[in-house]
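Quick note, the sequence shown lines up with residues 85 to 607 if you use the working numbering.
By construction, the Cβ of each residue, glycine as well, lies at the ideal position given by its N, Cα and C atoms.
These figures come from a predicted structure and were not determined experimentally.
Structure first, commentary second.
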Amino acid sequence: MQRSSTRSAARTGQEARRRPGIPGERAMLTAMGVDAVGSGMYVPFSLVFFHHITGLSFTVVGAVLTAVGLAGMAALPLAGTAVDRYGARRVQLLLYGVRGIGFALYPFATTLPAFAAVALFTAFGDRAFPAVQQAWIGEVASGTDRDRLQAASRALRNGGLGAGALLASLAISVAGGNGFTVAAWLNAASFAVAALLVRGVRSARGGRGVDGRGVDGAAPVPAAAGRRPLRPLPRRPLRPLLPLLPLGRGRAGQGSAAGYRVVLRDRAFLGLTGANFLTALGYSALPVMFPLFIVGRLGLPQALTGAAFTLNTVLCAVGGVAVAGVVRRRGGRRTRAAALGATLFATAFAGLALLGTVRPHSGWVLPAGLFALVVLYTTAETVHNPASGSLAVAAAPGELRGRYMATYQLSWSLASTLAPSLFTALNAADARLPWLLLTGTALSAAALLVRLENRLPVDAVRFTAPAAVMTSLPAVTTADPAPAPAAAPATAPAAGTGLCAAVRTAPGDSRRAVAAGTASRTI
Numbered sequence: 085m086q087r088s089s090t091r092s093a094a095r096t097g098q099e100a101r102r103r104p105g106i107p108g109e110r111a112m113l114t115a116m117g118v119d120a121v122g123s124g125m126y127v128p129f130s131l132v133f134f135h136h137i138t139g140l141s142f143t144v145v146g147a148v149l150t151a152v153g154l155a156g157m158a159a160l161p162l163a164g165t166a167v168d169r170y171g172a173r174r175v176q177l178l179l180y181g182v183r184g185i186g187f188a189l190y191p192f193a194t195t196l197p198a199f200a201a202v203a204l205f206t207a208f209g210d211r212a213f214p215a216v217q218q219a220w221i222g223e224v225a226s227g228t229d230r231d232r233l234q235a236a237s238r239a240l241r242n243g244g245l246g247a248g249a250l251l252a253s254l255a256i257s258v259a260g261g262n263g264f265t266v267a268a269w270l271n272a273a274s275f276a277v278a279a280l281l282v283r284g285v286r287s288a289r290g291g292r293g294v295d296g297r298g299v300d301g302a303a304p305v306p307a308a309a310g311r312r313p314l315r316p317l318p319r320r321p322l323r324p325l326l327p328l329l330p331l332g333r334g335r336a337g338q339g340s341a342a343g344y345r346v347v348l349r350d351r352a353f354l355g356l357t358g359a360n361f362l363t364a365l366g367y368s369a370l371p372v373m374f375p376l377f378i379v380g381r382l383g384l385p386q387a388l389t390g391a392a393f394t395l396n397t398v399l400c401a402v403g404g405v406a407v408a409g410v411v412r413r414r415g416g417r418r419t420r421a422a423a424l425g426a427t428l429f430a431t432a433f434a435g436l437a438l439l440g441t442v443r444p445h446s447g448w449v450l451p452a453g454l455f456a457l458v459v460l461y462t463t464a465e466t467v468h469n470p471a472s473g474s475l476a477v478a479a480a481p482g483e484l485r486g487r488y489m490a491t492y493q494l495s496w497s498l499a500s501t502l503a504p505s506l507f508t509a510l511n512a513a514d515a516r517l518p519w520l521l522l523t524g525t526a527l528s529a530a531a532l533l534v535r536l537e538n539r540l541p542v543d544a545v546r547f548t549a550p551a552a553v554m555t556s557l558p559a560v561t562t563a564d565p566a567p568a569p570a571a572a573p574a575t576a577p578a579a580g581t582g583l584c585a586a587v588r589t590a591p592g593d594s595r596r597a598v599a600a601g602t603a604s605r606t607i
């Protein structure tokens, strides 16, 4: 009987863990999937699409896309400031609109000036969106829920891109040249659908995050030793973006006055961003280096390039959440998990350099070795990405999370911008040099992540259950009259109610409430 009760309790606990713990989670994940499918219908065919619509050469199209991609990075500081003023969900809805309008207009951009203008407009939304989505995850989730959402979003992204590419191929095969236009408009429609899905999802406590950091109307956030407390930022309706200059003085209070200067003084977070840049270079290896390396160095058929992409996409989509879950349950620290992912990247890159040196002549050894390294590369991706993303979100103070995430996103943008020219230049000298460089950068990132452990907040470094994060927050007296003692419950709340109770009563930031002797961040 006792064993039966134990098994029943265990099953109940597992079912509770499987149930979505975030209000609106299904809508969020569905929106991510719809967004990914729409993007997959367009991204693989972007060069061909613009060549077909404008009649411009591939060289000109590529140059314009590179230029507007670099210019679009200027939107990141503005987006970060907007998130801190208005909340991530509102800014995300705005960016969905920008991207949707841009892709709806692409089929009409039949001249070089029109194409450049529409591409620049769309690039602002595309470059800023990942940082805003990261901040949004930080607002609606806490603890290991953030890691779970990061893993799910990555899996949905990979699966959606693959599904969208198949749908676009079908549309082009049926409609011919008009299929490119259909793909662009369906992508625009996907942004509209995603916006409708997330419109009803509300951030806990007004949008500053379920961990109570910088909630609207709350008391000032307590500061750790040596740090001045920042006042929580009030909500406002969206206004034109001109007042959102990062260092400008607006009505956003102390957070706006400090602006990005606070981020730039946070050496631990800048170190985290630098470590991510070193690893992010490796994420560009698959689309940039694999086609050159497989055909040029290994002498394998071009078809294996597509097979490598497909294998990576399928494994990320199918196994990404499971791998991240194992890491979450068995790993104690996000820094170590991200460092493990970086080390696996380094191992895969070193293996590719070795494969390019040995180049066995057996008919099956070379392809088998290549696909084994693709599996290792994909494993590294599924281990590193959720842990590193959640680490950055958790390390950012809630009242400046938008600015912090915008800064962190620069590491991804710079890596994806620099990788093509850097890799092709090294490949021209020796096809093994890019892999050797990436081996060094990945190992350096792993070492830096471990080194930063003692300088980052404890609740950011460690995998902490959401309820534990909530209940660790200090109680803060609010402006509302406190209930009479007689009205308080006579017993402690049940295990399933700790999260709600903490959200109602703890608007402070647990990190900044830590005593000076245990403060974990140095700036």
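Between Thr165 and Met489, the alpha-carbon positions lie close to 10 Å from each other.
Distance check between Pro107 and each of Gly403, Gly416 and Val224 places Val224 closest, using alpha-carbon atoms only. Secondary-structure assignment with DSSP links Arg546 through a beta bridge to Arg417. Our two residues, Phe192 and Ala279, have alpha carbons roughly 24 Å apart in a direct line.
Beyond the five residues adjoining it in sequence on each side, Ala422 comes within less than 7 Å, by CB distance, of His468, Ala471, Ser472, Leu475 and Leu533 in the same chain, given in chain order. If you ignore the 5 residues before and after Val405, its C-beta comes within less than 6 Å of the C-beta of Ala235, Ala236 and Ala239, all in its own chain and listed in chain order. Rounded to whole angstroms, the Cβ separation of Ala172 and Gly486 is 7 Å, and the two are in contact under 8 Å.
Taking C-beta atoms under 8 Å as the contact rule, Thr419 and Val545 qualify, at a distance of about 5 Å.
For Ile137, the secondary structure class from DSSP, reduced to helix, strand or coil, is helix.
By the Cβ-count criterion, Asn262 is exposed, with fewer than 16 other Cβ atoms from all chains shown falling within 10 Å of its own Cβ. Look at the beta carbons and you see the segment 246-260 not touching the segment 206-226: under three pairs across the two are nearer than 8 Å.
Here the alpha carbon of Leu517 sits roughly 7 Å from the alpha carbon of Asn511. Secondary structure at Ser226: coil, using DSSP grouped into helix, strand and coil. In the displayed model, Trp496 falls within a helix according to three-state DSSP. Rounded to the nearest angstrom, the gap between the Cα atoms of Phe208 and Met157 is 7 Å. For Met116, the uninterrupted alpha helix (DSSP H) run begins and ends at Glu109 to Gly124, by DSSP. Rounded to whole angstroms, Ala352 and Leu395 show a C-alpha spacing of 36 Å.
Between Met112 and the set Val282, Thr389 and Val152, the nearest pair of CA atoms involves Val282.
At the C-beta level, Ala529 and Thr363 come within 8 Å of one another.
Between Ala163 and Ala212, the C-beta spacing is below 8 Å. Per DSSP, the continuous alpha helix (DSSP H) segment holding Ile185 begins and ends at Ala172 to Leu189. Counting only the Cα atoms, Thr466 lies some 19 Å from Leu454.
When the Cα atoms are used, Phe377 and Ala515 turn out to be separated by approximately 7 Å.
Restricted to the segment 358-417, the alpha helix (DSSP H) segments that are unbroken, complete and at least 4 residues in length are 369-376 and 387-414, listed in chain order. Ala452 sits exposed, since fewer than 16 C-beta atoms from the chains shown fall within 10 Å of its C-beta.
A distance below 8 Å between beta-carbons, with the five flanking residues on each side excluded, links Leu460 to the following residues of its chain, in chain order: Leu428, Thr431, Ala432 and Gly435. Pairing Arg349 with Val175, the inter-Cα distance amounts to about 26 Å.
About 12 Å separates the CB atoms of Leu494 and Leu356; that is not less than 8 Å, and the two are not in contact. Remark: C-beta atoms of Asp210 and Arg169 do not approach each other more closely than 8 Å. In this structure, DSSP gives Trp519 a helical state, which the three-state scheme calls helix. In this structure Val347 does not touch Leu521 by the C-beta definition: roughly 28 Å separates them, more than the 8 Å allowed.
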